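Below you'll find the structure, written out as structure tokens, and then a few comments.
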Amino acid sequence: MPIRTAVPPRVLTVAGSDSGGGAGIQADLKTMLALGVHGMSVLTAVTAQNSLGVQSAWELPVDAVRAQYRSVVDDIGVQAVKTGMLASAALVETVAELLAGTDAPVVVDPVGVSKHGDALLAAEALDSVRTKLLPVATVATPNLDEVAQITGVQVTDEDGMRRAAEEILAFGPRWALIKGGHLPGDAVDLLTDGSAEHWLRAPRYDNRHTHGTGCTLASAIASGLALGQDVPTAVEGAKAYVTGAIRAGFALGGGIGPVDHGWRTRQTG
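Its first residue numbered 162, the sequence shown is counted upward by one per residue in the working numbering.
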């Protein structure tokens, strides 16, 4: 078998660690591998976390985050960046400054709480997310809880998703992907740049093991962008990948299990 010599596109995740392996850096790197890109990481926080929730979390120093970022970007380079858990205003502002100086598309997952309801972003950091982080985003991917945190808009239907997208876009990202998974019925998301609207719908599977969906979706979008896809194509492909991963999610521990990042390699038909 010939040895592969081509270098795959490189994607950097700037996020926290999930010791249970379902979300965070671990989910990001699994997603990137599954989608054919080379994943790299900047760790922002360490969590003690399992299927039952987040027991403890430790934020990394700003200097450690900056050093990791510069080490990777200055030597290896990146074709896309994805952000996740940033924990504090200081880290949000540091990462936003680094992203502003990087010539690559950025997918911002404005992580506020975990699947179990545990806070992953300090309340005082929300203004930094609005004024520093969202303006450097190519795509922002808030769920409805995060929309409420950032904008105050409470979404209860698809018309509300339009209003939420307008509010998010007002902070400066080029595209907003409003994730409507918390609404009843099919899993519907709205992608818009303020002019074109793309509604993405998928069946809702009766599977409670959905830990890591937001991280996985954002990483899948970043992977598509690194592969040269435009934003709507990258988001559509990411939605299909995440839908399959949710369908194949499995029980782990005593609580909410993860989506299956390797579902395509385990498909039997």
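Beta carbons are placed, not taken as given, at the ideal position from N, Cα and C, and that holds for glycine. Remember, it's a predicted structure, so these values are computed and weren't measured experimentally.
> Near V223, which residues of its chain fall below 6 Å by C-beta distance, leaving aside the five closest residues on each side in sequence?
Replying inline: Along the sequence shown, read from residue 1 onward, the residue named residue 223 stands at position 62. If we look at V223 and ignore the five residues flanking it on each side, its Cβ neighbours are A251, T255.
> What do you get for W360, buried or exposed, if any count of 16 or more other CB atoms within 10 angstroms of its CB means buried?
Replying inline: For the purposes of this step, residue 360 is identified with residue 199 of the sequence shown, where counting begins at 1. W360 is exposed by the Cβ-count criterion.
>> Judging by CA-CA distance, which residue of I407, S380, D421, V420 is the nearest neighbour of P174?
In response: Reading the sequence shown from its first residue, position 13 is the one you call residue 174. Checking the sequence, you will find Thr at residue 174 rather than Pro. It is S380 whose Cα lies nearest to the Cα of T174.
> Can you name, in chain order, every residue of its own chain whose Cβ lies under 8 Å from the Cβ of N211, other than the five neighbours on each side?
Replying inline: Here the question's residue 211 lines up with position 50 in the sequence shown. Around N211: S180, G181, G414, G416.
> What runs of the alpha helix (DSSP H), each 4 residues or longer, lie entirely inside the segment 318-406?
Replying inline: Complete alpha helix (DSSP H) runs here, min 4: 319-330, 374-387.
> Can you list, in chain order, the residues of its chain whose CB lies under 7 Å from that of I407, leaving out five sequence neighbours each side?
Replying inline: Counting from one through the sequence shown, the residue named residue 407 turns up at place 246. The beta carbon of I407 sits closer than 7 Å to the beta carbons of Y366, N368, T371, T374, V420 from its chain, once the five residues preceding and following it are set aside; these are given in chain order.
> How would you write the range of the beta strand (DSSP E) that A241 sits in, first residue to last?
Replying inline: Residue mapping note: residue 241 aligns to position 80 of the sequence shown, counting from 1. Per DSSP, A241 belongs to the beta strand (DSSP E) from 241-244.
> Should T302 be labelled buried (16 or more other beta-carbon atoms within 10 Å of its own) or exposed?
Replying inline: If you number the sequence shown from 1, residue 302 lands on position 141. That one is buried.
> Where does L260 land, buried or exposed, given buried means 16+ other C-beta within 10 angstroms?
Replying inline: Along the sequence shown, read from residue 1 onward, the residue named residue 260 stands at position 99. By the 10 Å Cβ count, L260 comes out buried.
> Short check: CB of A176 to CB of G183, under 8 Å?
Replying inline: For the purposes of this step, residue 176 is taken as residue 15 along the sequence shown, with counting starting at 1. For the purposes of this step, residue 183 is taken as residue 22 along the sequence shown, with counting starting at 1. Taking C-beta atoms as the reference points, A176 and G183 fail to come closer than 8 Å.
> Using DSSP with H/G/I as helix, E/B as strand and the rest coil, what is S289?
Replying inline: Against the sequence shown, residue 289 aligns to sequence position 128. The answer is helix: DSSP assigns S289 an H, G or I state.
> Just the Cα atoms here: how many angstroms apart are G430 and G398?
Replying inline: Locating residue 430 in the sequence shown gives position 269, where the first residue counts as 1. Locating residue 398 in the sequence shown gives position 237, where the first residue counts as 1. Its pLDDT being 46, under 50, G430 is placed unreliably in this model, and the coordinates cannot settle the point.
> Is T263 helix, strand or coil when you go by DSSP?
Replying inline: Here residue 263 is taken as the residue at index 102 of the sequence shown, counted from 1. Here T263 sits in coil by DSSP.
> In terms of residue numbering, what span does the beta strand (DSSP E) encompassing Q210 cover?
Replying inline: Within the sequence shown, numbered from 1, the residue matching residue 210 stands at position 49. First-last of the beta strand (DSSP E) with Q210: 199-211.
> So is V172 buried or exposed if we call it buried at 16+ other beta carbons inside 10 Å?
Replying inline: Residue mapping note: residue 172 aligns to position 11 of the sequence shown, counting from 1. Answer is buried; the Cβ neighbour count reaches 16.
> Which same chain residues, not among the five before or five after I237, have their C-beta less than 8 Å away from its C-beta?
Replying inline: Translated into the one-based positions of the sequence shown, residue 237 becomes position 76. Taking C-beta separations shorter than 8 Å and ignoring five residues to either side along the sequence, the partners of I237 in its chain run R171, M201, following chain order.
> For D270, which residues of its own chain have a beta-carbon under 6 Å away from its beta-carbon, when the five flanking residues on both sides are left out?
Replying inline: Start at 1 with the first residue of the sequence shown, and residue 270 comes out as number 109. Result list for D270: G245, T302, G375, A379, in chain order.
> Going by DSSP, what residues sit across from G214 in a beta bridge?
Replying inline: The count along the sequence shown starts at 1 and reaches residue 214 at position 53. BP columns for G214 point to N211.
> What residue range is occupied by the uninterrupted beta strand (DSSP E) comprising L173?
Replying inline: To locate residue 173, count along the sequence shown from 1; it is residue 12. Its beta strand (DSSP E) spans residues 171-179.
> Near D190, what residues of its chain come up, given a Cβ to Cβ distance below 6 Å and the 5 sequence neighbours on each side ignored?
Replying inline: As a working note, residue 190 is residue 29 in the sequence shown. Here the sequence assigns Leu to residue 190, which means Asp is not the residue at that position. In its chain, beyond the 5 residues on either side, G200 have a beta carbon closer than 6 Å to the beta carbon of L190.
> Just how far apart, CA to CA, sit L194 and A387?
Replying inline: Translated into positions along the sequence shown, residue 194 becomes position 33. Translated into positions along the sequence shown, residue 387 becomes position 226. L194 and A387 have their C-alpha atoms some 13 Å from each other.
> Got a sec, what are the start and stop residues for the alpha helix (DSSP H) G185 sits in?
Replying inline: As a first step, residue 185 must be located in the sequence shown, where it is residue number 24. For G185, the uninterrupted alpha helix (DSSP H) run begins and ends at 185-195, by DSSP.
> Any heavy atom of the ligand GDP within a distance shorter than 7 Å of the CB on V297?
Replying inline: The ligand GDP is not part of this structure, which contains no ligands at all.
>> Between which two residues does the alpha helix (DSSP H) holding A225 run?
In response: Indexing the sequence shown from 1 puts residue 225 at position 64. Residues 223-236.
>> Using only the alpha-carbon positions, how far apart do N304 and S232 sit?
In response: Locating residue 304 in the sequence shown gives position 143, counting from the first residue. Locating residue 232 in the sequence shown gives position 71, counting from the first residue. So the two alpha carbons sit approximately 31 Å from each other.
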